[in-house]
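Trainee:
Protein chains in written order, with the UniProt record's numbering: chain A, 1 to 319; chain B, 1 to 324.
1. What's the call for residue 167(B), buried or exposed, on a 16-neighbour Cβ count within 10 Å?
2. Give every residue of the same chain whose Cβ lies closer than 6 Å to the Cβ of residue 101(B), excluding the five residues on either side of it in the sequence, and list them in chain order.
3. Taking the continuous alpha helix (DSSP H) assigned at residue 17(B), which residues delimit it?
4. Any C-beta of chain B sitting closer than 8 Å to the C-beta of residue 307(A)?
5. For the alpha helix (DSSP H) containing residue 71(A), list its first residue and its last residue.
6. Where does residue 249(A) land, buried or exposed, given buried means 16+ other C-beta within 10 angstroms?
7. Check for me: the alpha helix (DSSP H) holding residue 326(A) runs from which residue to which?
8. Distance, Cα to Cα, residue 127(A) vs residue 169(B)?
9. Rounded to the nearest angstrom, what separates residue 1(A) and residue 318(A) at their Cα positions?
10. Within the same chain, show all residues whose beta-carbon is closer than 7 Å to that of residue 22(B), passing over the 5 residues directly before and after it, in chain order.
11. Return no unless some Cβ of chain B is closer than 8 Å to the Cβ of residue 43(A).
12. Between the stretch 138-155 of chain B and the stretch 202-213 of chain B, do at least 3 Cβ pairs fall closer than 8 Å?
13. Using a Cβ-Cβ cut-off of less than 7 Å, list which residues of the stretch 288-319 of chain B approach chain A; keep chain order.
14. Between the beta-carbon of residue 90(A) and the beta-carbon of residue 40(A), is there less than 8 Å?
15. What residues are listed by DSSP as bridge partners for residue 8(B)?
16. Here's the rule: buried if 16 or more other CB atoms are within 10 angstroms of the residue's CB, otherwise exposed. What is residue 227(A)?
17. Alpha carbon to alpha carbon, how far is residue 59(A) from residue 43(A)?
18. Near residue 166(A), what residues of its chain come up, given a Cβ to Cβ distance below 8 Å and the 5 sequence neighbours on each side ignored?
19. Whose C-alpha, out of 218(B), 224(B), 131(B) and 80(B), is nearest the C-alpha of residue 192(B)?
20. Counting only Cβ pairs nearer than 8 Å, list the residues of chain B close to residue 47(A).
21. Do residue 84(A) and residue 112(A) come within 8 Å of each other at the CB atom, strictly closer than that value?
22. Would residue 9(A) pass as an interface residue toward chain B - the criterion being a Cβ-Cβ separation below 8 Å?
23. Residues of chain B with CB closer than 9 Å to the CB of residue 80(A), please, in chain order.
24. Quick check: what's the CA-CA separation for residue 233(B) versus residue 296(B)?
25. Taking 7 Å as the line, does the beta carbon of residue 78(A) fall inside it for any heavy atom of the ligand GTP?
26. Could you give the DSSP three-state label for residue 299(A): helix, strand or coil?
27. Quick check on DSSP: helix, strand or coil for residue 1(B)?
28. From this set, 185(A), 176(A), 258(A) and 295(A), which residue's C-alpha is nearest residue 309(A)'s C-alpha?
29. Rounded to whole angstroms, what is the Cα-Cα separation between residue 80(B) and residue 45(A)?
30. What would DSSP say about residue 110(A), mapped onto helix, strand or coil?
31. Can you look up residue 141(A) in the DSSP assignment and give me helix, strand or coil?
32. Counting only beta-carbon atoms, is residue 260(B) nearer than 8 Å to chain A?
33. In or out: residue 35(A) buried (at least 16 other Cβ within 10 Å) or exposed?
34. Secondary structure at residue 43(B), three-state DSSP: helix, strand or coil?
35. Please confirm whether residue 180(A) has its beta-carbon closer than 8 Å to some beta-carbon of chain B.
36. With a 10 Å radius around its C-beta and 16 neighbouring C-beta atoms as the bar for buried, classify residue 17(A) as buried or exposed.
This is the structure in structure tokens:
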């Protein structure tokens, strides 16, 4: 394809900040110290990522260790990265007080987002990403009413986040209550496109038995971002029904997630990137390979290889 | 990495033990990591036996069929070629007289060592490499100090091998290391003086020099005409005096088995407390338009992928080397 200058790129790459490394005191993540954070950011920048995504619960370390999100973002920029693009709101989903399908918990959820968005307001975010339902076993049986109540909840949350200039976007884990194709379609039929977007995680949809490319094509007009990661397994039986979290506890599979380009990966990334191009998407694609260190894996290596794949395979299709 | 210097990355740290770096898939992962860090050329390190299928020339060819087959394997990961191979004739190998122990300091071993060099010369030429990088002499603790006559014996072996490499269109670079029997600056200069500048050069390893008590920047400025190859890495320690003479210094000194018990000597570029003036050294290379390969290493440092990424960041951000 013809040369595209740095300024003309339609796609930029962000790294979702799962990480582990071995330090003198044993395994640590990047939030262990300023030194480990610096090493993490250097590695992300060195391989060609443009930015990072992070988790909402890290905000306490941002305040405690760095002086807040803006100060932490200064450190990110000092290492050559542009900014923090998205944050993932990893709520606990306790059915007593935080369950989108239970209207009596909505007031608590809305208040959580009013507070949360205030905390993040000192920096510019594109998306706040949520799992749109409780864990599957806390929501089943999945009924149309429950999907409707969930949609109503996120419509209101999305209105709050929009007030802060941030999109509310839904990320459907294979073990959450809204993961099958018909349930996802029903859920979006009740949501307001102005306030609720879809965030396509290629591996999660594959594990749940969906074709992520087809899902994206159907909802492209309201897709606000991606997690590009791979998997080698589809969930079977009741893989999606294990406490506390099927990503960890499903009996059939010890490691669900792999970096892009892994052998025997189920995600058709070339078709995905072609769809991204053909739908005219411009903006950020986030790369993720959570739990990459399981079964002998290594975050540094997986991160380098995923960026290698983005550069040498996907950018040949669209950049 | 692209600027006026030519940058390559060494694979040595991935291949730390007999059978850990054998599957082609694992090798592809390392090559892709190096490529993602911006390096499209690699340095290989010699090895022995059927497991060393990215180290020992005959075994590489058995795995890939031909030189071109091996290059195709590298190119699958967007690595375009081989800058150099490191070879230590003092390290016994199966292929060479069944693990015979020979030394360049022993005149009786010269003919055999020259013969041993041939597979490396042939392979390096076949894959389009440029430098055979060699350990010129064994460890200091294993033999009495070398006098000028002893250094001449060593130099004569390398002059003979230099003729071989030169005839094949290659360079021969003697790699100083901090344990070697050629240890002081005076001894090193003596060895260079005992070799033919037309066919034998020096591989300057910034960390090895610093540990050995030789300032790499000053040495390069004084002897730039002899430096044909560079290994770039950092260290936090220098030999306190005679540590390199401790019996079994490979283990007692460099693995922390005795003495000050320092377990790790080699570090990535930009490490806190690093003793090497990396920016000063690279500036000196640029001033002289150094034409050879500058090979960055994760050697004996830790997670090879992590260190390659940290080294890449340092090159891009601190040395201003564009990635591509």
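C-beta: ideal position from N, C-alpha, C; glycine also.
Mentor: If we stick to the structure as given:
1. exposed
2. 92
3. That residue, residue 17(B), is in no alpha helix (DSSP H); it is neither H nor E in DSSP.
4. yes
5. Per DSSP, the unbroken alpha helix (DSSP H) holding residue 71(A) starts and ends at 69-78.
6. exposed
7. No statement about residue 326(A) is possible, as the shown extent of chain A runs from 1 to 319 and does not include it.
8. 58 Å
9. Unreliable placement is indicated for residue 1(A), whose pLDDT of 39 sits below 50; no coordinate value is reported for it.
10. 51 and 53
11. yes
12. no
13. 303, 305, 306, 309, 310, 312, 313, 316 and 317
14. No, they are not a contact pair.
15. 295(B)
16. If you draw a 10 Å sphere on the C-beta of residue 227(A), you find 16 or more other C-beta atoms in it, and that means buried.
17. 22 Å
18. 117, 120, 125, 126, 127 and 128
19. 224(B)
20. 36, 37, 309 and 312
21. Between residue 112(A) and residue 84(A), the CB-CB gap reaches or exceeds 8 Å.
22. So, not an interface residue.
23. 313, 316 and 317
24. Whole-angstrom Cα-Cα distance: 6 Å.
25. As far as ligands go, the structure on display features none, and thus does not contain the ligand GTP.
26. helix
27. coil
28. 258(A)
29. 23 Å
30. helix
31. coil
32. With 8 Å as the cut-off, residue 260(B) does not count as an interface residue toward chain A.
33. Residue environment analysis places residue 35(A) among the exposed positions, since fewer than 16 neighbouring C-beta atoms fall within 10 angstroms of its C-beta.
34. If DSSP states are grouped into helix, strand and coil, residue 43(B) belongs with the strands.
35. no
36. buried
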